[in-house]
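Everything below concerns the one structure shown next.
Protein chains: 4
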Amino acid sequence: MASKLSANSYGKSDVRLTKVVREGKTHHLAEYSVNVQLTGDFSPAYLDGDNRKVIATDSIKNTVYVVAKENKFASAEDFGILLANHFPNFYKQVKSATVEITEARWKRIKVKGKPHPHAFVNGGTEVHTCTVFVPKKGKPPVIHGGVRDLQVIKTTNSAWKDFWTDRYRTLKDTSDRIFGTSVTATWEYGTLDADFAKCTEAIRAALLETFAVHPSLGVQQTMYEMGTVALAAVPEIKNINFRLPNKHRIPFNLDPFGLKFEGDIFVWTDEPYGDITAFIERE
Amino acid sequence: MASKLSANSYGKSDVRLTKVVREGKTHHLAEYSVNVQLTGDFSPAYLDGDNRKVIATDSIKNTVYVVAKENKFASAEDFGILLANHFPNFYKQVKSATVEITEARWKRIKVKGKPHPHAFVNGGTEVHTCTVFVPKKGKPPVIHGGVRDLQVIKTTNSAWKDFWTDRYRTLKDTSDRIFGTSVTATWEYGTLDADFAKCTEAIRAALLETFAVHPSLGVQQTMYEMGTVALAAVPEIKNINFRLPNKHRIPFNLDPFGLKFEGDIFVWTDEPYGDITAFIERE
Amino acid sequence: MASKLSANSYGKSDVRLTKVVREGKTHHLAEYSVNVQLTGDFSPAYLDGDNRKVIATDSIKNTVYVVAKENKFASAEDFGILLANHFPNFYKQVKSATVEITEARWKRIKVKGKPHPHAFVNGGTEVHTCTVFVPKKGKPPVIHGGVRDLQVIKTTNSAWKDFWTDRYRTLKDTSDRIFGTSVTATWEYGTLDADFAKCTEAIRAALLETFAVHPSLGVQQTMYEMGTVALAAVPEIKNINFRLPNKHRIPFNLDPFGLKFEGDIFVWTDEPYGDITAFIERE
Amino acid sequence: MASKLSANSYGKSDVRLTKVVREGKTHHLAEYSVNVQLTGDFSPAYLDGDNRKVIATDSIKNTVYVVAKENKFASAEDFGILLANHFPNFYKQVKSATVEITEARWKRIKVKGKPHPHAFVNGGTEVHTCTVFVPKKGKPPVIHGGVRDLQVIKTTNSAWKDFWTDRYRTLKDTSDRIFGTSVTATWEYGTLDADFAKCTEAIRAALLETFAVHPSLGVQQTMYEMGTVALAAVPEIKNINFRLPNKHRIPFNLDPFGLKFEGDIFVWTDEPYGDITAFIERE
Numbered sequence: 326m327a328s329k330l331s332a333n334s335y336g337k338s339d340v341r342l343t344k345v346v347r348e349g350k351t352h353h354l355a356e357y358s359v360n361v362q363l364t365g366d367f368s369p370a371y372l373d374g375d376n377r378k379v380i381a382t383d384s385i386k387n388t389v390y391v392v393a394k395e396n397k398f399a400s401a402e403d404f405g406i407l408l409a410n411h412f413p414n415f416y417k418q419v420k421s422a423t424v425e426i427t428e429a430r431w432k433r434i435k436v437k438g439k440p441h442p443h444a445f446v447n448g449g450t451e452v453h454t455c456t457v458f459v460p461k462k463g464k465p466p467v468i469h470g471g472v473r474d475l476q477v478i479k480t481t482n483s484a485w486k487d488f489w490t491d492r493y494r495t496l497k498d499t500s501d502r503i504f505g506t507s508v509t510a511t512w513e514y515g516t517l518d519a520d521f522a523k524c525t526e527a528i529r530a531a532l533l534e535t536f537a538v539h540p541s542l543g544v545q546q547t548m549y550e551m552g553t554v555a556l557a558a559v560p561e562i563k564n565i566n567f568r569l570p571n572k573h574r575i576p577f578n579l580d581p582f583g584l585k586f587e588g589d590i591f592v593w594t595d596e597p598y599g600d601i602t603a604f605i606e607r608e
Numbered sequence: 326m327a328s329k330l331s332a333n334s335y336g337k338s339d340v341r342l343t344k345v346v347r348e349g350k351t352h353h354l355a356e357y358s359v360n361v362q363l364t365g366d367f368s369p370a371y372l373d374g375d376n377r378k379v380i381a382t383d384s385i386k387n388t389v390y391v392v393a394k395e396n397k398f399a400s401a402e403d404f405g406i407l408l409a410n411h412f413p414n415f416y417k418q419v420k421s422a423t424v425e426i427t428e429a430r431w432k433r434i435k436v437k438g439k440p441h442p443h444a445f446v447n448g449g450t451e452v453h454t455c456t457v458f459v460p461k462k463g464k465p466p467v468i469h470g471g472v473r474d475l476q477v478i479k480t481t482n483s484a485w486k487d488f489w490t491d492r493y494r495t496l497k498d499t500s501d502r503i504f505g506t507s508v509t510a511t512w513e514y515g516t517l518d519a520d521f522a523k524c525t526e527a528i529r530a531a532l533l534e535t536f537a538v539h540p541s542l543g544v545q546q547t548m549y550e551m552g553t554v555a556l557a558a559v560p561e562i563k564n565i566n567f568r569l570p571n572k573h574r575i576p577f578n579l580d581p582f583g584l585k586f587e588g589d590i591f592v593w594t595d596e597p598y599g600d601i602t603a604f605i606e607r608e
Numbered sequence: 326m327a328s329k330l331s332a333n334s335y336g337k338s339d340v341r342l343t344k345v346v347r348e349g350k351t352h353h354l355a356e357y358s359v360n361v362q363l364t365g366d367f368s369p370a371y372l373d374g375d376n377r378k379v380i381a382t383d384s385i386k387n388t389v390y391v392v393a394k395e396n397k398f399a400s401a402e403d404f405g406i407l408l409a410n411h412f413p414n415f416y417k418q419v420k421s422a423t424v425e426i427t428e429a430r431w432k433r434i435k436v437k438g439k440p441h442p443h444a445f446v447n448g449g450t451e452v453h454t455c456t457v458f459v460p461k462k463g464k465p466p467v468i469h470g471g472v473r474d475l476q477v478i479k480t481t482n483s484a485w486k487d488f489w490t491d492r493y494r495t496l497k498d499t500s501d502r503i504f505g506t507s508v509t510a511t512w513e514y515g516t517l518d519a520d521f522a523k524c525t526e527a528i529r530a531a532l533l534e535t536f537a538v539h540p541s542l543g544v545q546q547t548m549y550e551m552g553t554v555a556l557a558a559v560p561e562i563k564n565i566n567f568r569l570p571n572k573h574r575i576p577f578n579l580d581p582f583g584l585k586f587e588g589d590i591f592v593w594t595d596e597p598y599g600d601i602t603a604f605i606e607r608e
Numbered sequence: 326m327a328s329k330l331s332a333n334s335y336g337k338s339d340v341r342l343t344k345v346v347r348e349g350k351t352h353h354l355a356e357y358s359v360n361v362q363l364t365g366d367f368s369p370a371y372l373d374g375d376n377r378k379v380i381a382t383d384s385i386k387n388t389v390y391v392v393a394k395e396n397k398f399a400s401a402e403d404f405g406i407l408l409a410n411h412f413p414n415f416y417k418q419v420k421s422a423t424v425e426i427t428e429a430r431w432k433r434i435k436v437k438g439k440p441h442p443h444a445f446v447n448g449g450t451e452v453h454t455c456t457v458f459v460p461k462k463g464k465p466p467v468i469h470g471g472v473r474d475l476q477v478i479k480t481t482n483s484a485w486k487d488f489w490t491d492r493y494r495t496l497k498d499t500s501d502r503i504f505g506t507s508v509t510a511t512w513e514y515g516t517l518d519a520d521f522a523k524c525t526e527a528i529r530a531a532l533l534e535t536f537a538v539h540p541s542l543g544v545q546q547t548m549y550e551m552g553t554v555a556l557a558a559v560p561e562i563k564n565i566n567f568r569l570p571n572k573h574r575i576p577f578n579l580d581p582f583g584l585k586f587e588g589d590i591f592v593w594t595d596e597p598y599g600d601i602t603a604f605i606e607r608e
């Protein structure tokens, strides 16, 4: 019985880069975690332990820092494009490169109401994400932006009713529930020349505002509306992909204590959670 | 060989409460994780499995929700006082009660620049903490407020030099380094009548602003200054306790690549970290 | 500008099931976290908030428990097959169902050297995984088994040398390094009638033994060998897929202290890590 | 308004050490995360930024590796004693030192049924812990050993009944429930000359066996019995301290589906959890 190597890739993950750009007294700060994955002519390493064409993952790590040093860039996406192009351009043996970047949301600390030139506070669990895929030397990169773990909640204007009834249903219809979720969304750019940082903020604002004002009949419907508004707001993107966990807030049963539930006392939960996805494109 | 029970306590931890207060169209949202620990006359349960005086932890959990339902409160601290007093007041067999609360920092989503009445976004890893300890029925509670995982960074105005030299030292003096930390601080209130929510915001602002503007000669010095400014800003507190991890940003060695480090390219790290504490009191 | 819904799915995730089977005095324990994702005729919920065909994720959760109650099964895979078939069989509006299961590795506690009939200890981070995909009512399920976070390390018999040299390389060749990783592997079954629990143990043993004895010239080569041995050992599987992080142990630089590195003192690290993949099939 | 520095300490945390001892073909592997905290004459650093007596936390980190290199030791406790003594012995300005060590439980991989000389597999979340406190130069260290996150479960032989009844109680008596917990225990040694590794294994076995066979009337009672048996088994320890979360398995309500609960179908939960402590001494 023999076996064959049908696919392979490798790279370095969680390369942690801090870059400070000093523009006079004003400093700009970017902190990324970078993953690089390469495909190419690497099967001899798997089959025979012949590593001669393998770029050590340590060298890939070094490259992340050197490319950050030698270039100016305005966003994680712009850095991702530089880095993802580098590998197939520099190495004959590399076919494709995928660069994934996770970016912390550092914001300037306000001192007496004014943003400080070099001190920052972190917005927390929410991160900006992007992925740049260069399929082959000379081919245009495929660029995705995204947001992960953007936690939101609305305490009303959300219903869940008229759904399928059968033996397995125990949940009652409700016209007024809490809707909490942690938004993970990715979107694909249709152009290389976008102002990516500006697009990210515009999409994020569209997602937040639509979540807030939409009269929700279900996670599915609100998710579709969020995608539709984001696509309308930012022509630079072609599509948007969502995965929304429904982080249930369960009414606490006050009956045994002679008290009445008035939309006020809930148990917040992490699990189990409804897990809803959609892929929405421009028509 | 015999053994004895020298101390014991028990309770329920991570009780997850969502409370919505509906003030017309404006909703107020609080989400807490609550821990309750009791001491008292419970040794028969340990020694003989005699549970007759033991309040089930499930009943403790129910109490959290019922007290939340039956009372109005303006802050986690005010809720903690109500809850911590409840146990020694209601149960003869309870001596002391300790209530620990962790509160998520939900902020209103802005829609067209205005805070939305019922939709919120979460500021992330940072949480507000408080602990209320009632040592005995009728005794005044001991109240601590706090902040946990408030992540901050400054890219300059921070030195680390002239420290002890011996065989184990390899670190060089630096006059300009990045200073990043995740602030965990707790403070003790000297009064029961504080506006706790306002105090929390004032202390948080004092910590952030002092971190930003202080010309730092070391984590120790900046920590002491942060405490001094907080104590001056908020007379309601008696002392403040810090634990600051020094989340090192390490200059990336660019020499092998013929490039020069200019305070620009760093490796951000989680570990190992300097771990600095201080307890600062009003004189 | 209009948008369209190009794809969608939904379900319930992290449904936590404990099942105890009582066979006289001997109890059998299984603890699963179950994810269910469905596709089908659900676009009206997204487009119009019309939920009439939507099975609530709460009902999906109930189904997990009811199917566990009403059936006997010998492994997570067998339970997954029952559950994944249920949805397209029971609901006209469901097209495909995907069931993902994560299973804790409970082992019997030994008392005086003998396995206890009803007390268990957990093997920890390592979990057994499986995925069952039913593409359509009546179609045979696609079954994957797997292992996640199986942590292993070998302190010698591992080299990394003769790799590509260029401007970005700083790492030296080594003939003797530590090789540590956390094995995540999935494999596809070629039959519905396997004894899945037995196959899982046989593959796990093949992975562990091959890791231990293989003279490693690189993660890539050892990974390929592990796959080859697993395929040879268990004819019931068609292919195996690996993702191995290289959890680097970095020699600590003892030079400044006048001491010599002798393959003895290392820094263990989580990040950055080499990240190596392969997909290996039977020829 | 002035402030004063009432207490302070500092050190380095999460220093990650791998030590390999090569005894011919047989290798011994230890992996520790080490925290060091010092007190002493360090207030000038806080008050004036005068760092001249401060040992940089980077130097503390170096010391961990150098002490590991220059000494032989048989357990984390023995290493902790060496390291905790070093600081007050070597530095005039250091008063006390506390060393906390967390140790991974690597076990040898079995190849053809025999333990392999240099390949290991990790038992998972469970870790061995120890703390060594040297209060002052020349004083004997205070040594604690421990275990953390030792997950256990028993499916029967556990009751919870006859507890306090009042308005807040909704839980019914049960004579047969699942009892699951994650054992965290620490114990204090009464001697410096113990075989610490052997003691750790004996206490761990006593905890596991007692958990398995004890007819439990409550977590409190079983915890006390576990402590009593451990104290009897290992004369080298003076006391034992427990914190046991009650990781509830909640019977799933099968009534709506016309099915009967037979001690078989449960929801496993992380939160909220009963949180029970005891401190048990030798009489």
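Residue numbers (this note's numbering), protein chains in the order written: chain A, 326 to 608; chain B, 326 to 608; chain C, 326 to 608; chain D, 326 to 608.
We put the CB at the ideal spot given by N, CA and C, even for glycine.
Whose Cβ in chain A lies nearer than 9 Å to the Cβ of residue i?
i: W489 of chain C; result: N376, R377, K378, V379, I380, A381, S384, Y416 and Q418
i: V508 of chain C; result: Those do not exist, as V508 of chain C stays about 16 Å from chain A at its closest Cβ, beyond 9 Å.
Run through the DSSP bridge pairs and tell me what residue i is partnered with.
i: R341 of chain C; result: C:S358
i: F334 of chain A; result: Per the sequence shown, the amino acid found at residue 334 of chain A is Ser instead of Phe. Its beta-bridge partners are C:T602.
i: A444 of chain B; result: A:K479
i: H469 of chain D; result: D:T456 and D:E513
i: I503 of chain D; result: Note: I503 of chain D sits in no beta bridge, so no partner.
Please compile the residues from chain B whose C-beta is within a distance smaller than 9 Å of the C-beta of residue i.
i: K329 of chain D; result: I605, E606, R607 and E608
Measure the alpha-carbon distance for residue i versus residue j and round it to whole angstroms.
i: G449 of chain A; j: F445 of chain B; result: 15 Å
i: G463 of chain D; j: K420 of chain D; result: 11 Å
i: G438 of chain B; j: R492 of chain D; result: 47 Å
i: D520 of chain D; j: E356 of chain D; result: 19 Å
i: T506 of chain D; j: N571 of chain D; result: 5 Å
So residue i contacts chain C; which residues on that side make the cut at Cβ distance below 8 Å?
i: F582 of chain B; result: R492 and Y493
So with CB distances below 7 Å, who are the chain B contacts of residue i?
i: V538 of chain A; result: V436
Which residues of chain B have a Cβ atom closer than 8 Å to the Cβ of residue i, listed in chain order?
i: M548 of chain D; result: Y371
At a CB-CB cut-off below 8 Å, which residues of chain A make contact with residue i?
i: R341 of chain B; result: V592, W593 and T594
i: I503 of chain B; result: T343 and V345
Given that residue i touches chain D, what residues does it touch there, using C-beta distances under 9 Å?
i: L532 of chain C; result: Within chain D, no residue comes near L532 of chain C; the closest Cβ sits about 10 Å away, beyond 9 Å.
Against residue i, what residues of chain A qualify as contacts under a CB-to-CB distance less than 7 Å, listed in chain order?
i: G552 of chain B; result: Within 7 Å Cβ-Cβ: nothing; G552 of chain B doesn't reach chain A, min ~18 Å.
Since residue i meets chain D, which of its residues come closer than 8 Å, beta carbon to beta carbon?
i: G336 of chain C; result: Those within 8 Å of G336 of chain C in chain D number zero; the least Cβ separation is about 18 Å.
Next item on the list: Go through the segment 523-565 of chain D residue by residue and report every complete run of the alpha helix (DSSP H) that reaches 4 residues or more, in order.
Entry: DSSP runs (the alpha helix (DSSP H)) wholly in the segment 523-565 of chain D: 544-558.
Next item on the list: Output the residue ranges of the alpha helix (DSSP H) runs that lie fully inside the segment 370-433 of chain C and measure 4 residues or longer, sorted by chain position.
Entry: The segment 370-433 of chain C contains these whole alpha helix (DSSP H) runs: 382-395 and 401-415.
Checklist line | Against chain C: residues of the segment 445-478 of chain A by CB proximity under 9 Å | finding: None of the residues of the segment 445-478 of chain A has a beta carbon lying less than 9 Å from any beta carbon of chain C.
Item checked: Within 7 Å of chain B by C-beta, residues of the segment 556-582 of chain A in sequence order -> Under the 7 Å Cβ criterion, the segment 556-582 of chain A contributes R574, F577, L579 and F582.
Notebook entry, point to check: What residues in the segment 389-418 of chain C have a beta carbon less than 9 Å from any beta carbon of chain A?
Noted result: Closer than 9 Å at the C-beta level to chain A, one finds these residues of the segment 389-418 of chain C: V389, V391, F415, Y416 and Q418.
Margin query: Output needed in chain order: residues of the segment 350-365 of chain D with a Cβ under 8 Å from some Cβ in chain C.
Written below: Residues H352, L354 and E356.
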